[in-house]
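When we follow my numbering, the leftmost residue of the sequence shown carries the number 24, and every step to the right adds one. Note that beta-carbon positions come from the ideal geometry of N, C-alpha and C, so glycine has one too.
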Amino acid sequence: MRFGYYELIALMRLIEHKVRNIHSYRHNKSMGTRQTISTWQIANFEGKTYRDFLFFLQSHGINYVEGGHTIYIPPQINLDKVFRETNNAYPPDAGFKILKNFAPPENASYLDASHAWPRAEIKLMGSILQQVDSANALFALGLGPRLYDLAELYNDDHQLTCFVVQHIHGETPSINEYHTFLQRLQEAIDAGILELVAANGLKNEDFQDAPGCNGNLLKNKADAKLYYVDFQQFIPRNDRLLQQIVMASKNSFHFGKTYLFRGHTSYLYQKIPGQKYSGKRDTAYRWERIQQLLNSQHLTVKDRLVLDICCNAGIMMSAALRNGAKWCVGWDLPEVVSGAERLQAALGCGRLHFVGAQLSDKYSLKKDIPEWLMPEIENAIVFYLAAWQHIGLLEDLKNISWKALIFEGHEGETMETLKPIFEKISAAWEAELREWIEIADGDSGVRTMAIFTRR
Numbered sequence: 024m025r026f027g028y029y030e031l032i033a034l035m036r037l038i039e040h041k042v043r044n045i046h047s048y049r050h051n052k053s054m055g056t057r058q059t060i061s062t063w064q065i066a067n068f069e070g071k072t073y074r075d076f077l078f079f080l081q082s083h084g085i086n087y088v089e090g091g092h093t094i095y096i097p098p099q100i101n102l103d104k105v106f107r108e109t110n111n112a113y114p115p116d117a118g119f120k121i122l123k124n125f126a127p128p129e130n131a132s133y134l135d136a137s138h139a140w141p142r143a144e145i146k147l148m149g150s151i152l153q154q155v156d157s158a159n160a161l162f163a164l165g166l167g168p169r170l171y172d173l174a175e176l177y178n179d180d181h182q183l184t185c186f187v188v189q190h191i192h193g194e195t196p197s198i199n200e201y202h203t204f205l206q207r208l209q210e211a212i213d214a215g216i217l218e219l220v221a222a223n224g225l226k227n228e229d230f231q232d233a234p235g236c237n238g239n240l241l242k243n244k245a246d247a248k249l250y251y252v253d254f255q256q257f258i259p260r261n262d263r264l265l266q267q268i269v270m271a272s273k274n275s276f277h278f279g280k281t282y283l284f285r286g287h288t289s290y291l292y293q294k295i296p297g298q299k300y301s302g303k304r305d306t307a308y309r310w311e312r313i314q315q316l317l318n319s320q321h322l323t324v325k326d327r328l329v330l331d332i333c334c335n336a337g338i339m340m341s342a343a344l345r346n347g348a349k350w351c352v353g354w355d356l357p358e359v360v361s362g363a364e365r366l367q368a369a370l371g372c373g374r375l376h377f378v379g380a381q382l383s384d385k386y387s388l389k390k391d392i393p394e395w396l397m398p399e400i401e402n403a404i405v406f407y408l409a410a411w412q413h414i415g416l417l418e419d420l421k422n423i424s425w426k427a428l429i430f431e432g433h434e435g436e437t438m439e440t441l442k443p444i445f446e447k448i449s450a451a452w453e454a455e456l457r458e459w460i461e462i463a464d465g466d467s468g469v470r471t472m473a474i475f476t477r478r
């Protein structure tokens, strides 16, 4: 009888959610903006169940925390013993939240399969990709830690689903901080950006356990901010989240003149693929031309570091991540990158790092690249897109041993007018011009795009 009651409540919540969000679901399915799922092999693990996996961790001296549905492995030195390749692919503060259900991400269920759960509750909680959306939404709202990646860990016989998250080394907040956090969470719920899986909302026992929310609410020692670390309790509305971010950052993301047919109002410089917001540049077509140039040199961004100079909202970086880039670093003005980081999270991209800076030809890029990414630089792809008139030619690119550089000129610049610039690039960056094309996209006129490789 008790199970039937909760089954009914969960079913009612599911129906309510489906009816209210039918357009949002259709819209989000068409987004196609998430980064690829990473895959990593677990060395020497031959087990078949999560208990075998726990024994495997214990035998290698790896600390972990076992939850109801997951095994959490915090950052630690011992990880290199069995997770060297995986561990080196992420920032030093990365933790690994692994589902007890042994299944690849596309087939996995968050809830522990060894227990019986109401089917409506399972449906309401959604797929693993919805869990990704939930984690990213919390981060974009400043309520949760970053989700760096969704990964598949595997041995010869089994696959495991792993959320690579920013580890929060924190402490229980004060009662006043707890109430302030709940107020911010309630504001996101009232705005229709978040919903809760639990039928009783913030009256659920986790949120009522003041001030630590059953250990899920932590005050990070690194930045003194509060983070809710358990994201599976939330249902995001990505369409409303994107709208909030775009409206808040519209003036920062806008770049250049306005147009009469756009109502003489500022609009996005980079169009967001699959979204309703107009932009001066057709980023999907622009990406096709970038791939054309890379293909001409038998190159792709897959498994490579991408450096994006003057990245704006980071849409070209998200395109690279959708095509398997290992990590991206982007530079732009501080007021631009603050919104860009939130936008990329809402689009499902976490393998990136933004740097807010006032760029000029004397600016040192290398100091901004995280130390753990240094081994990736020699194979990096650099985007230098519609940037040189604004910041000049960065001298420090000579000191970074990148593999290839995509250069894009400004409107009206032809191969003939750019010839002196290309000669300077070849000399200053020790590079060779390999191929060039002309491109016109969106509301932008014809310009020249070229690919250089290092000598």
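Secondary structure at Gln-64, three-state DSSP: helix, strand or coil? As a first step, residue 64 is located in the sequence shown; it is residue number 41 there, counting from the start. Three-state DSSP puts Gln-64 in a strand.
Is the beta carbon of Ala-211 sitting closer than 8 Å to the one on Leu-219? Translated into positions along the sequence shown, residue 211 becomes position 188. Translated into positions along the sequence shown, residue 219 becomes position 196. Cβ distance not < 8 Å, so Ala-211 and Leu-219 don't count as in contact.
Which residue or residues does DSSP assign as beta-bridge partners of Gln-293? In the sequence shown, residue 293 corresponds to position 270, counting from 1. DSSP output for Gln-293 lists Arg-304 as bridge partner(s).
May I have the straight-line CA-CA distance separating Gln-314 from Met-340, to the nearest angstrom? In the sequence shown, residue 314 corresponds to position 291, counting from 1. In the sequence shown, residue 340 corresponds to position 317, counting from 1. If I take the Cα positions, the gap works out to 13 Å.
Drop a sphere of 10 angstroms on the beta-carbon of Gly-371, count the other beta-carbons inside from all chains shown, and report buried for 16 or more, exposed for fewer. The residue you call residue 371 lines up with position 348 of the sequence shown. The residue is buried, with at least 16 neighbouring Cβ atoms inside 10 Å.
State the DSSP-derived secondary structure class of Ala-174, mapped to helix, strand or coil. The count along the sequence shown starts at 1 and reaches residue 174 at position 151. In the three-state DSSP reduction, Ala-174 falls in the strand class (E or B).
Looking at the structure shown, is Phe-162 part of a helix, part of a strand, or coil, going by DSSP? Indexing the sequence shown from 1 puts residue 162 at position 139. Helix.
Between the CA atoms of Asp-172 and His-433 - distance to the nearest angstrom: Taking the first residue of the sequence shown as position 1, residue 433 is located at position 410. Taking the first residue of the sequence shown as position 1, residue 172 is located at position 149. Their Cα atoms are separated by approximately 34 Å.
Assuming Phe-68 contacts Phe-78 (C-beta within less than 8 Å), just tell me the rounded distance between them. Within the sequence shown, residue 68 is the residue found at index 45, counting from 1. Within the sequence shown, residue 78 is the residue found at index 55, counting from 1. The C-beta distance from Phe-68 to Phe-78 rounds to 10 Å, too long to fall under 8 Å, and the pair is not in contact.
Just reading off the alpha helix (DSSP H) that Ile-270 is part of, what are its end residues? Mapped onto the sequence shown, residue 270 falls at position 247. Rather than Ile, the amino acid found at residue 270 in this sequence is Met. Element bounds for Met-270: 261–276.
Nearest to Val-405 by CA position, among Val-88, Leu-322, Thr-93 and Asp-464, is which residue? Indexing the sequence shown from 1 puts residue 405 at position 382. Comparing alpha-carbon positions, the option among Val-88, Leu-322, Thr-93 and Asp-464 lying closest to Val-405 turns out to be Leu-322.
To the nearest angstrom, report how far apart Lys-226 and Leu-356 are at their CA atoms. Within the sequence shown, the letter at position 203 stands for residue 226. Within the sequence shown, the letter at position 333 stands for residue 356. Going from the Cα of Lys-226 to the Cα of Leu-356 covers about 41 Å.
Evaluate Gln-58 with the Cβ neighbour count: other Cβ atoms within 10 Å of its Cβ, from every protein chain shown; 16 or more gives buried, anything less gives exposed. For the purposes of this step, residue 58 is taken as residue 35 along the sequence shown, with counting starting at 1. So Gln-58 ends up on the buried side.
Quick check on the burial criterion: 16 or more other C-beta atoms within 10 angstroms. Buried or exposed for Asn-51? Locating residue 51 in the sequence shown gives position 28, counting from the first residue. Confidence is the limiting factor: at Asn-51 the pLDDT is only 42, short of 50, which leaves the residue's position unreliable and the question unanswerable from this model.
Measuring CB atoms only, is the stretch 360–367 touching the stretch 248–262, in the sense that at least three cross pairs come out at less than 8 Å? Taking a cut-off of 8 Å for Cβ pairs, the stretch 360–367 and the stretch 248–262 do not touch, as fewer than three such pairs fall below it.
Start-to-end residues for the beta strand (DSSP E) that takes in Lys-248: In the sequence shown, residue 248 corresponds to position 225, counting from 1. Counted as a single uninterrupted DSSP element, the stretch harbouring Lys-248 is not any beta strand (DSSP E), since DSSP gives it neither H nor E.
Return the CA-CA distance between Arg-327 and Gly-215, expressed in angstroms with no decimal places. Residue mapping note: residue 327 aligns to position 304 of the sequence shown, counting from 1. Residue mapping note: residue 215 aligns to position 192 of the sequence shown, counting from 1. Cα to Cα, the separation comes out at about 38 Å.
Please work out which residues of its chain come closer than 8 Å, Cβ to Cβ, to Ile-460, disregarding the five sequence neighbours upstream and downstream, and give them in chain order. Sequence index remark: in the sequence shown, residue 460 carries index 437 (1-based). Excluding positions up to five away in sequence, the list reads Arg-312, Gln-315, Leu-316, Thr-471, Met-472 and Ala-473.
Once the 5 residues before and after His-366 are set aside, which same chain residues still bring their CB inside 6 Å of it? Within the sequence shown, the letter at position 343 stands for residue 366. With the sequence shown as reference, residue 366 is identified as Leu, and His is not the correct amino acid for it. Scanning its chain for C-beta atoms nearer than 6 Å, with the 5 sequence neighbours on each side dropped, one finds around Leu-366 the residues Ile-268 and Ala-336, in chain order.
By how many angstroms is the C-alpha of Tyr-113 removed from the C-alpha of His-192? Against the sequence shown, residue 192 aligns to sequence position 169. Against the sequence shown, residue 113 aligns to sequence position 90. For His-192 and Tyr-113, the distance between alpha carbons rounds to 17 Å.
Same chain, Cβ closer than 6 Å to Gln-182, five either side skipped, listed in chain order: As a working mapping, residue 182 is identified with position 159 in the sequence shown. Setting aside the 5 residues that flank it on each side, Gln-182 is surrounded in the same chain by Pro-127 and Glu-175, each with a C-beta closer than 6 Å to its C-beta; the list follows chain order.
Using a Cβ-Cβ cut-off of 6 Å (strictly less than) and excluding sequence neighbours within five positions of Phe-76, which residues of its own chain qualify? Locating residue 76 in the sequence shown gives position 53, counting from the first residue. Cβ neighbours of Phe-76 beyond the five flanking positions: Gly-70.
Report all residues from its chain with a CB closer than 7 Å to the CB of Thr-437; omit the five preceding and five following residues, and keep chain order. The residue you call residue 437 lines up with position 414 of the sequence shown. Answer for Thr-437: Thr-471, listed in chain order.
What is the residue span of the alpha helix (DSSP H) that Tyr-201 lies within? The sequence position of residue 201 within the sequence shown is 178, counting from 1. The continuous alpha helix (DSSP H) containing Tyr-201 extends over residues 198–213.
Please report the distance separating the alpha-carbon of Lys-442 from that of Gly-435. The sequence position of residue 442 within the sequence shown is 419, counting from 1. The sequence position of residue 435 within the sequence shown is 412, counting from 1. The straight-line gap from Cα to Cα measures roughly 14 Å.
Kindly indicate if chain B contains any beta-carbon less than 8 Å away from that of Asn-318. The structure shown has no chain B; it contains just one protein chain.
Using only alpha-carbon positions, find the residue among Val-88, Val-155, Asn-178 and Gly-84 that is nearest to Phe-125. If you number the sequence shown from 1, residue 125 lands on position 102. Ranking Val-88, Val-155, Asn-178 and Gly-84 by Cα distance to Phe-125 puts Asn-178 first.
Which full runs of the beta strand (DSSP E) of 3+ residues lie inside the stretch 102–134, going along the chain? The stretch 102–134 contains, as complete beta strand (DSSP E) runs of 3+ residues, the segments 117–122 (chain order).
Return the residue from the list Val-329, Asn-346, Gly-468 and Gly-373 that minimises the CA-CA distance to Trp-425. Mapped onto the sequence shown, residue 425 falls at position 402. Of Val-329, Asn-346, Gly-468 and Gly-373, the residue nearest in Cα terms is Val-329.
Let me know if Glu-455 comes out buried or exposed under the rule of 16 or more other beta-carbons within 10 Å of its beta-carbon. Translated into positions along the sequence shown, residue 455 becomes position 432. By the 10 Å Cβ count, Glu-455 comes out exposed.
Going by DSSP in three states, Leu-366 sits in which element: helix, strand or coil? By 1-based counting over the sequence shown, the position of residue 366 is 343. Here Leu-366 sits in helix by DSSP.
If Arg-304 sits next to Gly-465, beta carbons under 8 Å apart, how far is it from one beta carbon to the other, in whole angstroms? Stepping through the sequence shown from its first residue, residue 304 is reached at position 281. Stepping through the sequence shown from its first residue, residue 465 is reached at position 442. Between Gly-465 and Arg-304 the Cβ distance is about 5 Å, and since that is below 8 Å, they are a contact.
With 16 other Cβ atoms within 10 Å as the buried cut-off, status of Phe-475: By one-based count along the sequence shown, residue 475 stands at place 452. Classification for Phe-475: buried.
For Gly-379, which of helix, strand or coil comes out of DSSP? Reading the sequence shown from its first residue, position 356 is the one you call residue 379. Three-state DSSP puts Gly-379 in a strand.
Tell me the residue span of the alpha helix (DSSP H) that contains Thr-440. Position 417 of the sequence shown holds residue 440. That run of the alpha helix (DSSP H) goes 438–451.
When you compare each of Leu-408, Thr-93, Gly-118 and Cys-185 to Trp-63 by their alpha carbons, which one comes out closest? Locating residue 63 in the sequence shown gives position 40, counting from the first residue. Put simply, of Leu-408, Thr-93, Gly-118 and Cys-185 the residue whose alpha carbon is nearest the alpha carbon of Trp-63 is Cys-185.
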